[in-house]
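For the sequence shown, my numbering assigns the number 6 to the initial residue and increments by one for each residue that follows. For reference, the structure discussed in these notes is given below.
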Amino acid sequence: MVHFVGAGSGAVDLITVRGARLLREADVVIYAGSLVNPALLADCKPGCAIYDSAKMTLEEVVAVMQAAEAAGKTTVRLHTGDSSIYGAVREQFDALEALGIAYDVCPGVSAFCGAAAALKAEYTLPEVSQTVIITRAAGRTPVPERESIRSLAAHRATMVLFLSTSLTEQLQRELLAGGYPEDTPAAIVYKATWPDEKRFRCTVASLHKTATENHLSKTALIVVGDCLGREYQRSKLYDPAFTTAFREATQ
Numbered sequence: 006m007v008h009f010v011g012a013g014s015g016a017v018d019l020i021t022v023r024g025a026r027l028l029r030e031a032d033v034v035i036y037a038g039s040l041v042n043p044a045l046l047a048d049c050k051p052g053c054a055i056y057d058s059a060k061m062t063l064e065e066v067v068a069v070m071q072a073a074e075a076a077g078k079t080t081v082r083l084h085t086g087d088s089s090i091y092g093a094v095r096e097q098f099d100a101l102e103a104l105g106i107a108y109d110v111c112p113g114v115s116a117f118c119g120a121a122a123a124l125k126a127e128y129t130l131p132e133v134s135q136t137v138i139i140t141r142a143a144g145r146t147p148v149p150e151r152e153s154i155r156s157l158a159a160h161r162a163t164m165v166l167f168l169s170t171s172l173t174e175q176l177q178r179e180l181l182a183g184g185y186p187e188d189t190p191a192a193i194v195y196k197a198t199w200p201d202e203k204r205f206r207c208t209v210a211s212l213h214k215t216a217t218e219n220h221l222s223k224t225a226l227i228v229v230g231d232c233l234g235r236e237y238q239r240s241k242l243y244d245p246a247f248t249t250a251f252r253e254a255t256q
């Protein structure tokens, strides 16, 4: 069996209970060495074979899984955050299915959740934004034209950008051209939930300057939107004048 496990956003105690158990029981671990906190590997059992996928191709990763399966061993494929977001897992699933190898998925805490915690932010504030767009700027790897930053910015929803900190000049230009006002709040969170986490609040107009002045080019996540501002409406859910399925209005 191959278990795809979300390692969490950085802090070692943010892996799920299930994920930690699977990691302890694994005979083989293939982890995303460029992003996963290596301290998580301290709980691997003696004799566990550990591979850093940052130095491997898809074919090499699958070959390790296939050899482990043939030997009757259990493999954990340890991905950063939650593997469903920029995890490149679909191609691994398809390869395992073609080989007849069983696998399952253990979800993890994504960095976009870790960033919200670091900023003490609520992405979906009433009357401000009820939509969260998770995306990235186009760089060496393109994005579909219909999902350009400029077109998504027209919604002025909360936007969370992965893999974009090295592209802030282009990103800032596209956010403004798409419709975010210059004074729209923004933030860059470096290594959310890691011990060396750093938070930098700014605006869309000062996004590139903030990134360059603080030497931020990778391992950071960008949040844009009025959810980071001060204005919002109180939730109806806890409003005494609002009736819900669980209580009657009292005012």
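Ideal placement from N, C-alpha and C gives every residue a C-beta, glycine not left out. The structure displayed is predicted, hence computed values, not measured ones.
Leaving aside the five residues that flank residue 138 on each side, the residues in its chain whose CB is nearer than 8 Å to its CB run, in chain order, 157, 160, 162, 163, 164, 165. Taking all protein chains in view, the Cβ of residue 27 is crowded by 16 or more other Cβ atoms within 10 Å, so the residue is classified as buried. Scanning the segment 122-193 for uninterrupted beta strand (DSSP E) segments of 3 residues or longer gives 137-141, 163-167, listed from N- to C-terminal end. Around the beta carbon of residue 119, 16 or more other beta carbons lie within 10 angstroms, which makes this residue buried. Per the DSSP secondary-structure output, residue 19 pairs with nothing in a beta bridge. Rounded to whole angstroms, the Cβ separation of residue 9 and residue 82 is 5 Å, and the two are in contact under 8 Å.
In the three-state scheme derived from DSSP, where H, G and I count as helix and E and B as strand, residue 255 is classed as coil. The three-state reading of DSSP puts residue 87 in coil, since its state is none of H, G, I, E or B.
Note on geometry: alpha-carbon atoms of residue 108 and residue 179 lie some 40 Å from one another. For residue 38 against residue 113, the beta-carbon gap comes to about 16 Å, at or over 8 Å, which does not count as contact. Taking the C-beta atoms as reference points, residue 34 is found nearer than 9 Å to residue 56. Listed in chain order, the non-local C-beta contacts of residue 210 below 6 Å within the same chain comprise 187, local neighbours out to five positions each way being set aside.
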